[in-house]
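**Student:** So for the sequence shown, the working numbering puts the first residue at 33; every next one is plus one. Glycine included, C-beta positions come from ideal geometry on N, C-alpha and C. What you are looking at is a predicted structure, and each value in this text was computed from that prediction instead of being measured.
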Amino acid sequence: MTLRDAYVGIKKPIRVVRAERCETCGGSGAKPGTSAATCKTCGGAGQVRSQRGFFMMAQTCPTCRGEGTVMSSPCSSCRGAGAVEKASTITIKIPPGVREGTSLRISGAGQAGFRGGAPGDLFVVVHVGRDKHFIREGDDLYVEEHISIPQASLGCEKPVDTMEEPVTIKIPPGTQSGALFRLRDRGMPRLEGRGQGDLFVKAIVDIAKDLTSKQRELLREFAKSLGEDPGQYDESVLKKIFGRG
Ligand SMILES: [Zn+2]
Ligand SMILES: [Zn+2]
33 MTLRDAYVGI KKPIRVVRAE RCETCGGSGA KPGTSAATCK TCGGAGQVRS
83 QRGFFMMAQT CPTCRGEGTV MSSPCSSCRG AGAVEKASTI TIKIPPGVRE
133 GTSLRISGAG QAGFRGGAPG DLFVVVHVGR DKHFIREGDD LYVEEHISIP
183 QASLGCEKPV DTMEEPVTIK IPPGTQSGAL FRLRDRGMPR LEGRGQGDLF
233 VKAIVDIAKD LTSKQRELLR EFAKSLGEDP GQYDESVLKK IFGRG
């Protein structure tokens with residue numbers, strides 16, 4: 033499933049191959065209209081005793097394999113097992129907040145019980161794929177947001193994606209590349225307990241490139257205002273170093 037599926041929680045059909053109760057005999061293993069008879073070898077005890085020297089040994093009855101009863105006429109559908117292997121598609125409900133490797137226990141959806149007994153449980157291991165946009169750390173999410181040098185220096189308002197509607201955050205003047213902004217309760221729902229994790233927005237300042245000559249001129253002006261030596265930005269010097277102006 034995707035990270036977004038894990039955020040909202042989904043219903044998902046899955047295919048399972050399992051032993052299901054035999055419909056012909058209702059799980060008893062006996063041909064309909066007949067019933068199991070007491071084992072003659074052990075008299076229903078499931079064990080046989082034998083004398084060995086001074087010792088009395090008890091062994092599992094070889095005739096009924098310890099069950100105490102034998103099938104006089106076994107059910108033809110299941111050959112007396114009470115269950116048949118079947119492939120079924122069942123729809124499971126995956127709660128919000130599951131993580132990679134979360135094991136879900138679905139009570140009563142496992143193999144049929146012995147001779148019509150209660151069925152076991154089904155365990156489903158969840159795999160959550162990576163998202164292109166959001167990185168998950170526990171219940172917190174991280175997302176990168178690119179801003180320009182003027183936006184970082186002067187400050188701006190920036191809409192950022194969340195798992196729901198976008199939220200506008202305030203980027204304060206002088207924001208450095210890599211600065212983290214925290215949006216509380218915008219992370220993943222907590223599987224155990226209430227609430228949600230946080231969403232961290234990482235500001236990435238993009239260095240301007242492929243500038244026009246006008247933009248280069250403005251940057252030189254800016255450098256001059258910082259008191260930098262204008263000679264180092266001389267077009268002919270730059271051309272010598274980098275092969276272009
Ligand atoms: Zn049967
Ligand atoms: Zn027996």
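Relative to the alpha-carbon of Tyr-174, which residue among Val-80, Lys-164 and Ser-180 has its alpha-carbon at the smallest distance?
**Tutor:** Nearest of Val-80, Lys-164 and Ser-180 to Tyr-174, Cα basis: Lys-164.
**Student:** Measuring alpha carbon to alpha carbon, tell me which residue in Lys-43, Thr-134 and Pro-198 is nearest Glu-224.
**Tutor:** Thr-134
**Student:** CB of Ser-109 to nearest heavy atom of ligand 1: below 7 Å?
**Tutor:** yes
**Student:** So which residues touch the region around ligand 2, with touch meaning a C-beta under 5 Å from any heavy atom?
**Tutor:** Cys-71, Thr-73, Cys-74, Cys-93, Thr-95 and Cys-96
**Student:** Short check: CB of Glu-52 to CB of Val-156, under 8 Å?
**Tutor:** no
**Student:** Apply the 10 Å Cβ neighbour rule to Phe-274 and answer buried if 16 or more other Cβ atoms are within range, or exposed otherwise.
**Tutor:** exposed
**Student:** What is the DSSP secondary structure of Arg-162, reduced to helix, strand or coil?
**Tutor:** coil
**Student:** Got a sec, what are the start and stop residues for the alpha helix (DSSP H) Lys-72 sits in?
**Tutor:** Run containing Lys-72: none; DSSP gives neither H nor E here.
**Student:** If we count the other Cβ atoms within 10 Å of its Cβ and call it buried at 16 or more, is Gly-277 buried or exposed?
**Tutor:** Note on Gly-277: pLDDT 47, under 50, position unreliable in the model; the coordinate value appears next. When all chains shown are included, Gly-277 counts as exposed.
**Student:** Going along the chain, which unbroken runs of the beta strand (DSSP E) with 3 or more residues stay wholly within the region 229 to 270?
**Tutor:** 231 to 238
**Student:** Can you list the beta strand (DSSP E) stretches of 3 or more residues lying completely in the region 159 to 230, in chain order?
**Tutor:** 167 to 169, 172 to 180, 188 to 192, 199 to 203 and 212 to 215
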